[in-house]
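Student: Below is the structure I would like to discuss, written out as structure tokens.
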Amino acid sequence: MYDYEWDRLRVWLEQYGAIPESVTKKEELTRLDLSKNNLKELPQEIGILSNLVVLNLANNKLTKLPESFAKLKALSNLDLRRNTFENIPESLFSLELRSLNLSSNRLDSLAFLEHFKELRVIDLSHNNIEKVDLSLEPNNQLRTLNLSHNFLRDIAALFESVPHLERLVLSTNFLQSIPESIGCMRALEELDISDNHLTSIDPVFFTLNIERLVLSGNQFGELKLEGLELLESLSLDENPLKYLEIKENFAPYLQEFSCDSCELDSLVLPPSIYLRSLCYASNHIKELPAEIEHYAVLQELDLEANEIVSLPDTLANMNSLHTLYIKDNPLNQDAKKVIEVLDPQICDIRMKTGVEIQKATSEDLEAMAKLLAVLFAIESDFEIDEQKQYMGIKRLYEDERSDLLVAKHEGKVVGMVTMQRLISSAEGDNVGQIEDLVVEEGYRKMGIGSRLINRMRSLAHQHGYKRIQLAADIHNDNALAFYTRRGFRKTHLNVYHYKVQEN
Amino acid sequence: MEVCECGEKSVAQAIEVFENSSLPFKKSKKLVTECNKSCCRGALLKIHDMSLYGRYDYEEIAFVIEQRQERLKRLNEGNE
């Protein structure tokens, strides 16, 4: 029997490019992306998609949903971010949604949550919610709740309704205190309550099992830290903190601690021996205690913009410390010697300023060819031949399908990267092939490679490339780690060469 | 459109700063704001994240800036 409803829906979906040609039956449709289409309403026929599990309706102009939505019984993950809902459509109440994104709408109430008994994750950030008006059954499934960027002033009533919550984001509201009722949140692992107006925390808070805590951008003038036995990361940045006390029982497994841009005049060391990152940048600190050496696994120390004159000799013995930010301090010569002996991989006082990323010009080609010799010295598959490299770079420069970027310092080329346009049969469109990323030795560990790659990514977007790809020498561990950190994923393909012999 | 009053920077200038820096967000943010305050952190964090992928959603940036202005308005109303 001919299915007219499916036929009409299919035609409607096709106009938004939301349905692959391979899908012929409505039962085959389990995921649907209708985001960024300026939709004001959806067709009633959408309710026939009985196997639909994931539906993305973000970035539209929806204010309501058709009643047939109630028939989408398999729907588990719904994205309604950046629409204009003032109320939640009742057609959603009978669904067993697990994840719901309602960020950037016009909701002013939480009361609708009681209808979603299976919900695990909900994002309600960037709405108009002013008060906590929900009452959920205590055994509800909610584990992640984002209420950031609302207008909440009091959250005392929130915690009893969501005692099993594991992740809670309350940043950028108008909160003034962390109330006693938070004591029931025994499962809470991550709490972000930054950019509020907090001045006080109830003592029961320090008995919780939180692992990651963000208290940045509040109004704490003084703070006494204790307990929080499982805490691994704490940020207190941008508080007008003049007094900080850390008790011996505070966070024995702490790995990251940051007090950036406070008003402290002395550095207080947390007791955890597992600390990997410590930041006291932009304070009024005059001295780094010699006890800093007790942090045997400390990797990153940020003391930028303080009033430190001397450094303890013990700093030079910290073998794990690979990153040191210390500029804008009145360091004496002895302190500079300590840094010289420490020799961290990344150190801001050694970084060169004024390195610019720009498109290569014809005057840069010779320097680029020379720079390639540095790269080919590492890559065993290639031979250094400056003349060949110059010819290759020159051809790339003249080819309209190529992009060439250079990093320049005081007019000298100190880094480069190239990208060529290829046609991918897999993507059915253009892709970018990145090659020749190299930075001169004296300019490494300053982020120049990252800037070259970021700029190339930007060009790839401008050209409409579907993908960018590259090959890296399997023995070049630094390069492999670099690309992985920047979001490139290793493929299962190997690269083969066949040298075509000259006659 | 202005994103940071302290540093008197527009969205375009903030993008330029982030594109020309590979410092972590906390540090490159200070290059934009030239201060230690957190007023425009939300909008700057969005721009910074977008700069890593070279793809800017100006509608979303405008939305975050406007919402911050609305927040300041409501805060002033609450204090009156």
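Heads up: the sequence lines are chains C and W, in that order. For the first sequence, our numbering assigns the number -15 to the initial residue and increments by one for each residue that follows. For the second sequence, our numbering assigns the number 3 to the initial residue and increments by one for each residue that follows. Cβ atoms here follow ideal geometry from the backbone N, Cα and C, with glycine treated the same way.
Assign MET400/C to one of three DSSP states: helix, strand, or coil.
Tutor: Locating residue 400/C in the first sequence gives position 416, counting from the first residue. DSSP places MET400/C in strand when its eight states are reduced to three.
Student: List the endpoints of the continuous beta strand (DSSP E) containing HIS133/C.
Tutor: Position 149 of the first sequence, counted from the start, is the residue given in the question as residue 133/C. From DSSP, HIS133/C is part of no beta strand (DSSP E); its letter is neither H nor E.
Student: Would you check if the distance between the CB atom of LEU86/C and the CB atom of LEU108/C is smaller than 8 Å?
Tutor: On the first sequence, residue 86/C is found 102 positions in, with the first residue counted as 1. On the first sequence, residue 108/C is found 124 positions in, with the first residue counted as 1. Yes, Cβ-Cβ distance for LEU86/C and LEU108/C is below 8 Å.
Student: In terms of residues, what are the limits of the beta strand (DSSP E) holding GLN329/C?
Tutor: Taking the first residue of the first sequence as 1, we reach residue 329/C at position 345. Note, GLN329/C: premise wrong, no beta strand (DSSP E); not H, not E.
Student: What separation, rounded to the nearest whole angstrom, lies between the Cα atoms of ALA54/C and THR128/C?
Tutor: Within the first sequence, the letter at position 70 stands for residue 54/C. Within the first sequence, the letter at position 144 stands for residue 128/C. Answer to the nearest angstrom: the Cα atoms are 24 Å apart.
Student: Taking just the CA atoms, how far does ILE30/C sit from LEU23/C?
Tutor: Here residue 23/C is taken as the residue at index 39 of the first sequence, counted from 1. Here residue 30/C is taken as the residue at index 46 of the first sequence, counted from 1. If you take the alpha carbons of LEU23/C and ILE30/C, they lie about 14 Å apart.
Student: Out of ALA351/C, PHE135/C, ASP63/C, point me to the one whose CA is closest to GLY395/C's CA.
Tutor: Against the first sequence, residue 395/C aligns to sequence position 411. Closest option to GLY395/C, Cα to Cα, is ALA351/C.
Student: Would DSSP call CYS6/W helix, strand or coil?
Tutor: In the second sequence, residue 6/W corresponds to position 4, counting from 1. Strand.
Student: Quick test of the definition: if touching needs 3 or more C-beta pairs under 8 Å, does the region 440 to 449 of chain C touch the region 422 to 431 of chain C?
Tutor: The region 440 to 449 of chain C vs the region 422 to 431 of chain C: no contact.
Student: Given this structure, state the Cα-to-Cα distance separating GLU232/C from VAL293/C, to the nearest angstrom.
Tutor: Numbered from 1 along the first sequence, position 248 holds the residue referred to as residue 232/C. Numbered from 1 along the first sequence, position 309 holds the residue referred to as residue 293/C. Going by the C-alpha atoms only, they are around 28 Å apart.
Student: In the DSSP assignment, find the unbroken alpha helix (DSSP H) run with ASP138/C in it and report its ends.
Tutor: What you label residue 138/C is simply residue 154 of the first sequence in a count that begins at 1. Looking at the DSSP string, ASP138/C is not in any alpha helix (DSSP H), and its letter there is neither H nor E.
Student: If you compare alpha carbons, which of GLU11/C, LEU16/C, ASN301/C, ARG196/C is closest to GLU(-2)/C?
Tutor: On the first sequence, residue -2/C is found 14 positions in, with the first residue counted as 1. Per the Cα distances, LEU16/C.
Student: Compare the C-alpha of TYR55/W against each of PHE20/W, GLU10/W, ALA14/W, ALA64/W and name the closest.
Tutor: Here residue 55/W refers to the residue found at position 53 of the second sequence. It is PHE20/W.
Student: What are the boundary residues of the beta strand (DSSP E) that includes GLU229/C?
Tutor: Working through the first sequence from its first residue, we reach residue 229/C at position 245. 227 to 230 is the span of the beta strand (DSSP E), which, as asked, contains GLU229/C.
Student: Applying a beta-carbon distance threshold of less than 7 Å, which residues of chain C neighbour LEU54/W?
Tutor: Position 52 of the second sequence, counting from 1, holds the residue named residue 54/W. Near LEU54/W (Cβ distances below 7 Å), the residues of chain C are ASN438.
Student: Residues in its own chain within less than 8 Å of GLU247/C by CB, not counting five upstream and five downstream?
Tutor: The sequence position of residue 247/C within the first sequence is 263, counting from 1. Answer for GLU247/C: PRO224, LEU225, LYS226, ASN267, HIS268, listed in chain order.
Student: So for GLU(-2)/C, helix, strand or coil by DSSP?
Tutor: The residue labelled residue -2/C in the question sits at position 14 within the first sequence. Helix at GLU(-2)/C.
Student: What residues in the region 450 to 480 of chain C have a beta carbon less than 9 Å from any beta carbon of chain W?
Tutor: Hits within the stretch, in order: ARG470, GLY471.
Student: Return yes when the Cβ of VAL105/C is within less than 8 Å of the Cβ of LEU142/C, no when it is not.
Tutor: Mapped onto the first sequence, residue 142/C falls at position 158. Mapped onto the first sequence, residue 105/C falls at position 121. Not in contact: LEU142/C and VAL105/C (Cβ atoms no closer than 8 Å).
Student: Is GLU82/W helix, strand or coil by DSSP?
Tutor: Sequence index remark: in the second sequence, residue 82/W carries index 80 (1-based). Here GLU82/W scores only 49 on pLDDT, less than 50, and its place in the model should not be relied on; the value that follows carries that caveat. GLU82/W falls in the coil class under three-state DSSP.
Student: Strictly below 7 Å CB to CB, what residues from chain W border ARG65/C?
Tutor: Translated into the one-based positions of the first sequence, residue 65/C becomes position 81. Neighbours of ARG65/C on chain W: none; closest Cβ ~10 Å, over 7 Å.
Student: Work out the CA separation of GLN373/C and ILE418/C for me, nearest whole Å.
Tutor: Taking the first residue of the first sequence as position 1, residue 418/C is located at position 434. Taking the first residue of the first sequence as position 1, residue 373/C is located at position 389. If I take the Cα positions, the gap works out to 16 Å.
Student: Buried or exposed: where does CYS8/W fall if 16 or more other Cβ atoms within 10 Å of its Cβ makes it buried?
Tutor: Taking the second sequence and counting its residues from 1, the one referred to as residue 8/W is at position 6. Classification for CYS8/W: exposed.
Student: Under three-state DSSP, which class holds ALA465/C?
Tutor: Position 481 of the first sequence, counted from the start, is the residue given in the question as residue 465/C. Here ALA465/C sits in helix by DSSP.
Student: LEU59/C and LEU84/C - do their beta-carbons sit closer together than 8 Å?
Tutor: In the first sequence, counting from the first residue as 1, residue 84/C sits at position 100. In the first sequence, counting from the first residue as 1, residue 59/C sits at position 75. Contact: no.
Student: Can you have a look at HIS133/C and say buried or exposed, based on whether 16 or more other CB atoms are within 10 angstroms of its CB?
Tutor: The residue you call residue 133/C lines up with position 149 of the first sequence. Looking at its Cβ environment, which holds 16 or more other Cβ atoms inside 10 Å, HIS133/C is buried.
Student: Could you tell me which residues DSSP puts in a beta bridge with GLY416/C?
Tutor: For the purposes of this step, residue 416/C is taken as residue 432 along the first sequence, with counting starting at 1. Answer is ARG405/C, ILE452/C, bridged to GLY416/C.
Student: Where does the unbroken alpha helix (DSSP H) through THR35/W begin, and where does it stop?
Tutor: The residue given as residue 35/W occupies position 33 in the second sequence. Counting along the chain, the alpha helix (DSSP H) containing THR35/W begins and ends at 27 to 35.
Student: Can you find a CB in chain C that lies within less than 8 Å of the CB of LYS11/W?
Tutor: Within the second sequence, residue 11/W is the residue found at index 9, counting from 1. No, LYS11/W does not count as interfacial toward chain C.
Student: What do you reckon, are the CB atoms on SER434/C and ARG470/C nearer than 8 Å?
Tutor: Walking along the first sequence from the start, residue 434/C turns up at place 450. Walking along the first sequence from the start, residue 470/C turns up at place 486. Yes, the pair counts as a contact, with Cβ atoms nearer than the cut-off.
Student: Determine whether the Cβ of TYR(-14)/C lies closer than 8 Å to any Cβ atom of chain W.
Tutor: Residue mapping note: residue -14/C aligns to position 2 of the first sequence, counting from 1. Chain W contact via Cβ: absent.
Student: Can you check whether the CB of GLY201/C is closer than 8 Å to the CB of ARG43/W?
Tutor: On the second sequence, position 41 is the one that residue 43/W refers to. On the first sequence, position 217 is the one that residue 201/C refers to. Yes; because the gap between Cβ atoms is below 8 Å, this pair is in contact.
Student: Given that a residue counts as buried once 16 or more other Cβ atoms are within 10 Å of its Cβ, and exposed if not, what is GLY416/C?
Tutor: As a working note, residue 416/C is residue 432 in the first sequence. Answer is buried; the Cβ neighbour count reaches 16.
Student: Hey, LEU287/C and TYR258/C are a contact pair by Cβ (cut 8 Å); roughly how many whole angstroms apart?
Tutor: Stepping through the first sequence from its first residue, residue 287/C is reached at position 303. Stepping through the first sequence from its first residue, residue 258/C is reached at position 274. Their Cβ separation, rounded to whole angstroms, is 20 Å, which puts LEU287/C and TYR258/C out of contact at 8 Å.
Student: Just mark PRO314/C as buried or exposed, buried being the case when its beta carbon has 16 or more other beta carbons within 10 Å.
Tutor: Here residue 314/C corresponds to residue number 330 of the first sequence, with the count starting at 1. Its Cβ having fewer than 16 others within 10 Å, PRO314/C is exposed.
Student: Might you give, ordered along the chain, the residues of its own chain that have their beta carbon closer than 8 Å to the beta carbon of ARG66/C, omitting 5 neighbours on each side?
Tutor: In the first sequence, counting from the first residue as 1, residue 66/C sits at position 82. Same-chain partners within the cutoff: ALA42, ASN43, ASN44, SER87, SER88, ASN89.
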